[in-house]
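Taking it in order: structure first as structure tokens, then the write-up.
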Amino acid sequence: MFAVPLEDYISFVKIEFQNNYDFIVMEEIIDDVKQNTGDKIFWTYPIVNKLQEYDYSLVVRWAVECVQLFTPEYEPYNLAKIDKFLQQIVEELNKSNLTSDECRKIYQEVWYSPWREDAQTAVTHLWWSIANFKDGEESEAARGAGIAVEVILPDTKNHLLLDRYLEIALRIYKKYQPQNPTCD
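Under this note's numbering, the residue at position 57 of the sequence shown is numbered 62, and the numbers go up by one with no gaps.
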């Protein structure tokens, strides 16, 4: 159990990550995560922070691609349901038609469904993330998308899956980088 309240610990972790990763390029962040993930909670935070620095949608796109990678290999029986929700998420990123309340309704539909497992839990975090973003809570929104990725990597020692998630993050970052000359 924690000796300090969980909220205080989370704040400390955020501050430590922020201080350590402010001026580091994405490649260095990826290398550090590979070497030091262990059983850390919020291991996605430095990656989320770097992607969000340029655009919130990059964080969600990373999480969506990770869920797309995870589902056929680990929960193939839920693939059709997950694909439907992921398509809705991408459409919402592109068009922004829904209100935050409508996003929360979808979140609750998936969260309380009897078929919810890791991929579905990740989808709920993505809808929660989008709802928070629409409400102006950008840091909470990005954190929610990061948690979605953590949910689908229940064992951080699974380096095969971790490396694939990190490759996706780096690819997304590099794809965006030429469009933004202020990147590292």
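From the three backbone atoms N, C-alpha and C, an ideal C-beta is built for every residue, glycine too.
Quick caveat, the model's predicted, so the values are computed rather than measured.
From the options, residue whose alpha carbon lies closest to that of residue i
| i | options | result |
| --- | --- | --- |
| Trp67 | Leu165, Pro81 and Ala147 | Ala147 |
| Gln57 | Glu107, Lys100 and Glu142 | Glu142 |
| Thr76 | Tyr181, Thr126, Thr161 and Leu171 | Thr126 |
| Glu172 | Glu80, Cys71, Gln40 and Arg121 | Cys71 |
| Asp106 | Phe138, Lys89, Tyr59 and Leu175 | Phe138 |
| Gln182 | Lys55, Asp37 and Leu165 | Lys55 |
| Ser101 | Val156, Asp140, Leu166 and Thr161 | Asp140 |
| Phe90 | Glu78, Tyr112 and Pro81 | Tyr112 |
| Pro119 | Lys110, Glu145 and Asn83 | Asn83 |
| Glu145 | Val53, Glu78, Gln92 and Gln40 | Val53 |
Rounded distance between the beta-carbons of residue j and residue i, thought under 8 Å
| i | j | result |
| --- | --- | --- |
| Leu103 | Ser62 | Between Ser62 and Leu103 the Cβ distance is about 15 Å, and since that is not below 8 Å, they are no contact. |
| Ile266 | Cys108 | Given a span of 6 to 189 for the chain in the structure shown, any question on residue 266 remains unanswerable. |
| Ile35 | Val65 | Wrong, their Cβ atoms sit about 19 Å apart, outside the cutoff. |
| Gly149 | Trp133 | 5 Å |
| Val154 | Asp123 | With 8 Å as the limit, Val154 and Asp123 do not qualify as a contact, their Cβ atoms being about 11 Å apart. |
Neighbour-count burial assignment, residue i, 16 or more Cβ in a 10 Å radius
| i | result |
| --- | --- |
| Lys179 | exposed |
| Val128 | buried |
| Trp48 | buried |
| Ala85 | exposed |
| Pro159 | exposed |
| Phe7 | Only weak support is given to the placement of Phe7: the predicted model assigns it a pLDDT of 40, under 50, and the value that follows is read from those uncertain coordinates. Its Cβ having fewer than 16 others within 10 Å, Phe7 is exposed. |
| Ile177 | buried |
| His130 | buried |
| Leu165 | exposed |
| Asp27 | Only weak support exists for where Asp27 lies, its pLDDT of 47 falling under 50; the value from the coordinates is given anyway. Looking at its Cβ environment, which holds fewer than 16 other Cβ atoms inside 10 Å, Asp27 is exposed. |
| Tyr170 | buried |
| Ile46 | exposed |
| Tyr50 | buried |
| field | Continuous alpha helix (DSSP H) assignments of at least 4 residues falling wholly in the region 81-111 | value | 84-100
| said: At 4 residues or longer, what runs of the alpha helix (DSSP H) sit wholly inside the region 128-156? | reply: 143-156
| query | Which runs of the alpha helix (DSSP H), 4 residues or longer, sit entirely within the region 39-74? | reply | 50-57
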